[in-house]
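Residue numbers (the numbering used here), protein chains in the order written: chain A, 856 to 949; chain B, -8 to 560.
Dropping the structure here:
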């Protein structure tokens, strides 16, 4: 138990993963992977159950658009639903 | 010997022994009890093993079948890994409560009738509340009370349904039914409350993150998944579950996207994942039920792994929120890697257990030509990657450098995490290990080139969406209102208002009564007389000495009246 919350705050280091050059490299690797997964559909036929889901790059477009929609819906609902994190504590104190 | 004992009883005895023992003996009990339970679980044959007579009912506390053994197996495995993860850090009473809670879940798994189901159900409610309270903070105490109220209410509703079925059919058999009568609806609602279905999903995200870092690992596993098993046993193919499941799937994603608390993100994603299973039970085909059972099995492993990873972060840093952490990969590489494996598994990446189980549910929807369900589940799979698959590891382990340099996990926590991380991969690479134990024979090929390409596209492009939309997802120090606002705030305000109104009315009534009483007293004193302050009697009207003339006049009047009426007759 003695080692609990053993945190010393060193100055920010230069971890390999945090370097801008690495992040640029990762973006490139990611872009190539994205292109490859779409290109792979040329080699392997995706069996669509309902027509549309067999279209070329359907998974890519559908995945991206549904995430966009969910983020926007969440953002919109956030304006209505978000409260300060001590909201209930204040409410309890009433 | 061991095959004669009900598995739940072994774990319950283990739970009882954790308190009185110390040191190595306690460690041995913590680690051995779930393994002995597991051994006993695998000895349970199909069908009813033994019965008891209670009142005029035949109780069947131990009934075996493939799906029951599957759920009991994962519950026992979970108790073992959770015990290993927690035994050096958790308080003994948290461990004991968690084991009793797990034994309740195993008891529900093998319950052959509604009465034993209910008893083990309540055992879970009781001891899971204790696990929440072991969080030890005032917030945990309050959340535990809300949690207990919700589960006791759910228990009462379930009991109403069970008693209705007992009275109307005379049978307490656990058998498949439809939501077609009041009794059945009550049972369904009672179970759905434990599954964190709408409109009461909030109990889960309210209570779990308030427990201790070790407690939330146990809590993530049992309650919702026993509810899924109960749905599989009692309501397979109930169409209303499809809609409820889809709602839960979307609710979990949206709320997790809005959330800042690390473990609350994972809690919302439990609702999301259970939504997949509830939807599958609603579809109800053999493929769908296999999918629900397999997904529950895989889910318990990767969700516990995620909670373990988050638990280590909370344990080491004392921070609960995304806005407080970040960049922890530098000093917690193992915790980060295990968290990422769990995150990939929950997202259903190929080669992880999530892929081989979740796609069964989508396949079942496709087989039944449920177009909307199929496409919503696909969108949800992308959304899972968004809210749990990337968001959790990104904000905790990467994002920015928070300056925190905590140590990596203690060895027992590390071993438990690696154990579950390996299982996530094993069931992803060799799904037949799991498929062999599903309730129905499996003729499903998880890995076809087309399917892998489709899901890789879906998931990687959701990853792209995440990083492009990061500015929209900046963490804010907020919470999100849920339906529990209705009783935590609106209900409280209504109660306060009612109290004020009644108090005012009461004061008014008291004042009126007092003035009426005063007036009455004055009249009484006037007629009957009273004691004055200096001790003399003040005579009232009735006690006054009347003048003789008045009396003679009244007697004359009375006699005249008498004579008058006498002759009138």
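From the three backbone atoms N, C-alpha and C, an ideal C-beta is built for every residue, glycine too.
These numbers were taken from a predicted model, which means no experiment stands behind them.
Taking 7 Å as the limit between beta carbons, can you name the residues of its chain near residue 193 (chain B), skipping five residues before and five after? Sequence index remark: in the second chain, residue 193 (chain B) carries index 202 (1-based). Around residue 193 (chain B): 473, 474 and 475.
Nearest candidate by alpha-carbon position, reference residue 398 (chain B), set B:38, B:280 and B:318: Residue 398 (chain B) sits at position 407 when you count from the first residue of the second chain. Looking at the Cα atoms, B:318 is the closest of the given residues.
Given a threshold of 16 other Cβ atoms within 10 Å of its Cβ, counted over all protein chains shown, does residue 857 (chain A) qualify as buried or as exposed? Here residue 857 (chain A) refers to the residue found at position 2 when the first chain is read from its first residue. Per-residue confidence for residue 857 (chain A) stands at a pLDDT of 42, beneath the threshold of 50, marking its modelled position as unreliable; no derived number is given.
Any idea what DSSP makes of residue 918 (chain A), helix, strand or coil? Taking the first residue of the first chain as 1, we reach residue 918 (chain A) at position 63. The answer is helix: DSSP assigns residue 918 (chain A) an H, G or I state.
Evaluate the contact criterion for the segment 418 to 425 of chain B versus the segment 330 to 348 of chain B: three or more CB pairs, one atom per stretch, below 8 Å. The segment 418 to 425 of chain B, when compared against the segment 330 to 348 of chain B, does touch it at the 8 Å Cβ threshold.
Please list the residues of the segment 319 to 342 of chain B that have a C-beta atom closer than 7 Å to any C-beta atom in chain A, keeping them in chain order. Residues 320 and 321.
By DSSP's criteria, residue 113 (chain B) is part of a beta bridge. Which residues make up the other side? Stepping through the second chain from its first residue, residue 113 (chain B) is reached at position 122. Residue pairing for residue 113 (chain B): DSSP places it in no beta bridge.
Measuring only the C-alpha atoms, how far is residue 527 (chain B) from residue 551 (chain B)? Within the second chain, numbered from 1, the residue matching residue 527 (chain B) stands at position 536. Within the second chain, numbered from 1, the residue matching residue 551 (chain B) stands at position 560. Using only the alpha carbons, I get a separation of about 40 Å.
Ends of the alpha helix (DSSP H) at residue 546 (chain B)? The residue you call residue 546 (chain B) lines up with position 555 of the second chain. Where residue 546 (chain B) is concerned, the enclosing alpha helix (DSSP H) stretches over 539 to 559.
Taking CB distances under 7 Å as the criterion, tell me whether residue 259 (chain B) reaches chain A. Translated into the one-based positions of the second chain, residue 259 (chain B) becomes position 268. Residue-level contact check: residue 259 (chain B) does not touch chain A, since none of the beta carbons of chain A fall below 7 Å from its beta carbon.
Quick one: give me the first and last residue of the alpha helix (DSSP H) that residue 214 (chain B) is part of. If you number the second chain from 1, residue 214 (chain B) lands on position 223. From DSSP, the alpha helix (DSSP H) with residue 214 (chain B) extends over 214 to 225.
Enumerate, from N- to C-terminal direction, the unbroken alpha helix (DSSP H) stretches of 4 or more residues contained entirely within the segment 384 to 444 of chain B. The alpha helix (DSSP H) runs of length 4 or more contained entirely in the segment 384 to 444 of chain B are, from start to end of the chain, 402 to 420 and 423 to 426.
Hey, which unbroken runs of the alpha helix (DSSP H) at 4 residues or more fall wholly within the segment 460 to 520 of chain B? Listed in chain order, the complete alpha helix (DSSP H) runs (minimum 4 residues) inside the segment 460 to 520 of chain B are 482 to 519.
Reference residue 232 (chain B), options B:250, B:182, B:202 and B:211, closest by Cα: For the purposes of this step, residue 232 (chain B) is taken as residue 241 along the second chain, with counting starting at 1. Among B:250, B:182, B:202 and B:211, the Cα nearest to that of residue 232 (chain B) is on B:182.
Between residue 442 (chain B) and residue 459 (chain B), what straight-line distance do the alpha-carbon atoms span, to the nearest angstrom? The count along the second chain starts at 1 and reaches residue 442 (chain B) at position 451. The count along the second chain starts at 1 and reaches residue 459 (chain B) at position 468. Inter-residue distance for residue 442 (chain B) and residue 459 (chain B) is about 26 Å (C-alpha atoms, whole angstroms).
Check whether the segment 303 to 322 of chain B touches the segment 90 to 107 of chain B, counting contact only when three or more Cβ pairs, one atom from each stretch, lie closer than 8 Å. No, the segment 303 to 322 of chain B is not in contact with the segment 90 to 107 of chain B.
Looking at the structure shown, is residue 55 (chain B) part of a helix, part of a strand, or coil, going by DSSP? By 1-based counting over the second chain, the position of residue 55 (chain B) is 64. If DSSP states are grouped into helix, strand and coil, residue 55 (chain B) belongs with the strands.
Please list the partners that residue 921 (chain A) has in chain B, where partner means a Cβ-to-Cβ separation under 7 Å. The residue you call residue 921 (chain A) lines up with position 66 of the first chain. Ordered by position in chain B, the residues that pass the 7 Å Cβ test against residue 921 (chain A) are 370, 373 and 374.
What in chain A is Cβ-close to residue 58 (chain B), meaning under 9 Å? For the purposes of this step, residue 58 (chain B) is identified with residue 67 of the second chain, where counting begins at 1. Listed along the chain, the chain A residues whose CB falls inside 9 Å of the CB of residue 58 (chain B) amount to none; the nearest CB is some 26 Å away.
Close Cβ partners of residue 64 (chain B) (< 6 Å) along its chain, the five nearest in sequence each way excluded: By one-based count along the second chain, residue 64 (chain B) stands at place 73. Closer than 6 Å at Cβ, skipping near neighbours: 32.
DSSP state of residue 50 (chain B), grouped into three classes? The count along the second chain starts at 1 and reaches residue 50 (chain B) at position 59. In the structure shown, the three-state DSSP call for residue 50 (chain B) is strand.
Within 7 Å (strictly less), CB to CB, does residue 874 (chain A) reach chain B? One-based indexing of the first chain puts residue 874 (chain A) at position 19. Cβ-Cβ to chain B under 7 Å: no for residue 874 (chain A).
Would residue 936 (chain A) pass as an interface residue toward chain B - the criterion being a Cβ-Cβ separation below 7 Å? As a working note, residue 936 (chain A) is residue 81 in the first chain. Closer than 7 Å to some Cβ of chain B, the Cβ of residue 936 (chain A) qualifies, so yes.
Closer than 7 Å at the beta carbon, the chain B residues around residue 893 (chain A): Your numbering for residue 893 (chain A) matches position 38 in the first chain. Going along chain B in sequence order, the residues near residue 893 (chain A) (Cβ under 7 Å) are 448.
Thinking C-alpha only, which one of B:0, B:237 and B:301 is nearest residue 270 (chain B)? The sequence position of residue 270 (chain B) within the second chain is 279, counting from 1. Comparing alpha carbon positions, the residue from B:0, B:237 and B:301 closest to residue 270 (chain B) is B:237.
CB-CB length for residue 353 (chain B) against residue 380 (chain B), believed under 8 Å: Start at 1 with the first residue of the second chain, and residue 353 (chain B) comes out as number 362. Start at 1 with the first residue of the second chain, and residue 380 (chain B) comes out as number 389. No, residue 353 (chain B) and residue 380 (chain B) are not in contact; Cβ-Cβ is about 17 Å, not under 8 Å.
Could you give the distance in angstroms between the alpha-carbon of residue 899 (chain A) and the alpha-carbon of residue 440 (chain B)? As a first step, residue 899 (chain A) is located in the first chain; it is residue number 44 there, counting from the start. As a first step, residue 440 (chain B) is located in the second chain; it is residue number 449 there, counting from the start. If you take the alpha carbons of residue 899 (chain A) and residue 440 (chain B), they lie about 6 Å apart.
At a cut of 8 Å, does the segment 102 to 120 of chain B reach the segment 146 to 153 of chain B through at least three beta carbon pairs? Flag = yes, the segment 102 to 120 of chain B and the segment 146 to 153 of chain B touch.
Would you give the residue range spanned by the alpha helix (DSSP H) that residue 159 (chain B) belongs to? In the second chain, residue 159 (chain B) corresponds to position 168, counting from 1. Looking at the DSSP string, the run of the alpha helix (DSSP H) that includes residue 159 (chain B) is 129 to 160.
Does the beta-carbon of residue 555 (chain B) have 16 or more other beta-carbons within 10 angstroms, so that it is buried, or is it exposed? On the second chain, position 564 is the one that residue 555 (chain B) refers to. Result: exposed.
Would residue 949 (chain A) be called buried (16 or more neighbouring beta carbons within 10 Å of its own) or exposed? Reading the first chain from its first residue, position 94 is the one you call residue 949 (chain A). Unreliable placement is indicated for residue 949 (chain A), whose pLDDT of 42 sits below 50; the coordinate value is still reported in the next sentence. Classification of residue 949 (chain A): exposed, given that the 10 Å Cβ count is below 16.
CB-CB under 7 Å to residue 906 (chain A), same chain, minus the five flanking residues each way: which ones, in chain order? One-based indexing of the first chain puts residue 906 (chain A) at position 51. If we look at residue 906 (chain A) and ignore the five residues flanking it on each side, it has no Cβ neighbours.
Which word fits residue 173 (chain B), buried or exposed, when buried means at least 16 other C-beta atoms lie within 10 angstroms of its C-beta? Looking up residue 173 (chain B) in the second chain gives position 182. It is exposed - the Cβ of residue 173 (chain B) has fewer than 16 other Cβ atoms within 10 Å.
Limits of the beta strand (DSSP E) - the one that residue 43 (chain B) falls within: Position 52 of the second chain holds residue 43 (chain B). Its beta strand (DSSP E) spans residues 38 to 45.
The alpha helix (DSSP H) spanning residue 321 (chain B) covers which residue range? Here residue 321 (chain B) refers to the residue found at position 330 when the second chain is read from its first residue. Residue 321 (chain B): not part of any alpha helix (DSSP H); DSSP gives it neither H nor E.
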